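Protein chains in written order, with our numbering: chain S, 2 to 223; chain G, 2 to 223.
The beta carbon of each residue, even a glycine, is placed where N, CA and C say it ideally should be.
This one's a predicted model, so the numbers in the text were calculated from it and none came from an experiment.
Here's the structure, in structure tokens; my notes come after.
2 protein chains.
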Amino acid sequence: MRILLVEDDRLLGDGLQVGLTQAGYAVDWLRDGEAAVMALSTESFAAVVLDLGLPKRDGLSVLQWLRGRHDATPVLILTARDQLEDKVRGLDLGADDYVLKPFDLDEITARLRALVRRAHGRPEPVLAVGEIELNPAARSVTRAGQAVELTPREFDLLHLLLENTDRVLTRRALEEQLYTWNEAVDSNALEVHIHHLRKKLGNDLIRTVRGVGYMVPAGATP
Amino acid sequence: MRILLVEDDRLLGDGLQVGLTQAGYAVDWLRDGEAAVMALSTESFAAVVLDLGLPKRDGLSVLQWLRGRHDATPVLILTARDQLEDKVRGLDLGADDYVLKPFDLDEITARLRALVRRAHGRPEPVLAVGEIELNPAARSVTRAGQAVELTPREFDLLHLLLENTDRVLTRRALEEQLYTWNEAVDSNALEVHIHHLRKKLGNDLIRTVRGVGYMVPAGATP
DNA sequence: CGTTTCTCTTAAGGTGCCCCTAAGCTGGGG
DNA sequence: CCCCAGCTTAGGGGCACCTTAAGAGAAACG
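So this is what it looks like as structure tokens:
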């Protein structure tokens with residue numbers, strides 16, 4: 002599985018190359034947009050990891066050029082948190098997904114995996130417990146086949162719980178995952194979201210573990 | 002599930018040992034690279050948690066030596082954020098994963114779990130004595146395969162006892178662990194919990210040692 | 001740009017469960 | 001036979017969690 006990594010920052014690129022290699026990809030690492038276009042015009046990749054701020058030729062320009070050729074190679078965009086506009090424009094131009102800096106390597110590989118899988122027309126793996134199903138790619142949830150509308154927070158929370166069935170997630174752990182590393186909430190927001198989830202999905206799915214946190218048993222809701 | 006922890010910082014090591022033990026692992030804690038090599042050459046571990054900055058023998062050197070012997074024991078590296086090069090070299094040398102300092106205990110246990118599972122497709126670590134099994138991650142207890150409902154205190158108490166099978170735990174020791182360093186109880190609360198545990202798990206599991214404390218024999222309840 | 005809708009947080013009040021307490025009981029050891 | 005450590009039982013209080021409601025803020029709409 003061959004991947005093109007386009008990143009000018011030496012440190013970041015180095016880390017990514019190693020990490021992605023570790024994850025089982027063959028990684029070609031280029032430092033500027035010009036080189037990226039050259040590579041893409043002659044070679045074929047399973048996916049492209051594309052930084053936006055590049056020398057010689059901007060990342061968005063590379064993306065636009067790629068899509069102009071009707072090349073459907075999956076593209077994962079790396080963008081800083083304060084450049085949301087770029088992200089939006091990137092998605093408009095045909096990016097398949099984006100990751101905000103500073104990012105976690107696991108997140109990159111996870112999204113990349115999803116991207117490649119999607120590109121090959123293979124269905125996304127869904128997380129299922131009992132009659133509840135969650136589709137991470139579509140961000141959709143069904144209960145006994147019926148679609149259930151969840152807000153973003155609710156979805157993320159449920160996602161976390163379903164990824165860790167049979168494991169108790171402490172309140173701390175959940176909050177740290179939901180609220181990105183800062184501005185921790187000091188109220189019972191988490192409880193409220195849990196409450197909403199139970200209301201929409203039934204009371205049996207999420208078990209309260211007093212004094213610790215929450216858990217969804219793998220064999221819940223008969 | 003036996004784990005080798007190699008960490009020279011006393012405070013950090015202490016915290017890790019407690020946390021990992023809490024997570025259900027049997028932890029051997031060594032303070033320098035020399036000792037780690039000694040241990041690894043004679044004993045077998047499910048995984049190694051390895052700090053890089055070590056006395057006598059550097060962590061990377063230990064890792065290199067280990068891989069040189071074609072030992073595939075999973076290795077989780079602890080590294081400071083400003084030593085990315087080391088991390089990279091570590092991965093090159095065959096580390097399986099790394100965690101940046103300062104880290105979260107939950108993250109360590111999560112990665113460790115993934116690592117061990119990856120290494121030989123095994124499920125969660127459990128503490129087992131006779132027909133009693135305790136799963137720290139799920140905070141669940143079974144007796145002869147049947148789920149047993151325990152209250153938080155009961156669970157914590159049982160957890161402590163099972164972590165120290167064949168060792169007599171004094172009333173003092175138990176109370177200090179259960180009640181976080183303050184607000185000691187001056188009554189027989191402990192006895193009450195023991196009573197409840199016996200009621201739910203059978204009278205043979207927990208042995209009373211008159212005048213000292215309690216103990217669960219490793220080969221209890223046939 | 002005002003209006004509307006939707007989501008998330010905050011806060012307050014309620015409730016059920018757990019845990020401590022205490023007091024009487026039991027049995028082993030001196 | 002007595003004493004004391006541990007066992008047993010029951011109840012009340014407190015706290016963790018639940019539930020509900022409403023306001024702030026952001027996104028969507030015209």
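Using a Cβ-Cβ cut-off of 8 Å, Arg32 (chain S) does not count as an interface residue toward chain G, since no Cβ of chain G sits closer than that to its own.
Closer than 8 Å to the CB of Pro153 (chain G) there is at least one CB belonging to chain S. Within chain S, the C-beta atoms nearer than 7 Å to that of Ala139 (chain G) come from Asp167, Arg168, Val169, Met216, in chain order.
Chain G has a Cβ within less than 8 Å of the Cβ of Ala174 (chain S). Within the same chain, Gly34, Leu53 come within 8 Å of Asp59 (chain S) by CB-CB distance, once the 5 residues on both sides are set aside. Apart from the 5 residues on each side of it in sequence, Ala47 (chain G) sits with its Cβ closer than 7 Å to the Cβ of Met2, Arg3, Ile4, Val117 in its chain, given in chain order. Look at Asp187 (chain G): its C-beta is not under 8 Å from any C-beta on chain S. Under the criterion of beta carbons closer than 8 Å, Gly214 (chain G) and Thr171 (chain G) qualify as touching, at roughly 4 Å.
In this structure, the CA atom of Thr80 (chain S) is about 21 Å from the CA atom of Thr22 (chain S). In the three-state reduction of the DSSP assignment, Ala73 (chain G) falls in the coil class. Between the stretch 188-208 of chain S and the stretch 6-18 of chain G there are fewer than three C-beta pairs closer than 8 Å, too few to call the two in contact. Interface with chain S (8 Å Cβ-Cβ cutoff): Asp10 (chain G) is excluded.
Between the alpha carbons of Arg140 (chain G) and Pro75 (chain G) lies a gap of roughly 25 Å. Excluding the 5 residues flanking it on each side, Thr110 (chain G) has same chain C-beta neighbours closer than 6 Å at Ala24, in chain order. Proximity of Val210 (chain S) to chain G, defined by a Cβ-Cβ separation below 8 Å, is satisfied. Chain-order list of chain G residues neighbouring Val127 (chain S): empty, with the shortest C-beta distance near 20 Å, by a criterion of under 7 Å. At a cut-off of 8 Å, the C-beta of Val213 (chain S) has a neighbouring C-beta in chain G. Unbroken alpha helix (DSSP H) runs of no fewer than 4 residues, entirely contained in the stretch 146-211 of chain S, are found at 153-164, 172-179, 190-202, following chain order.
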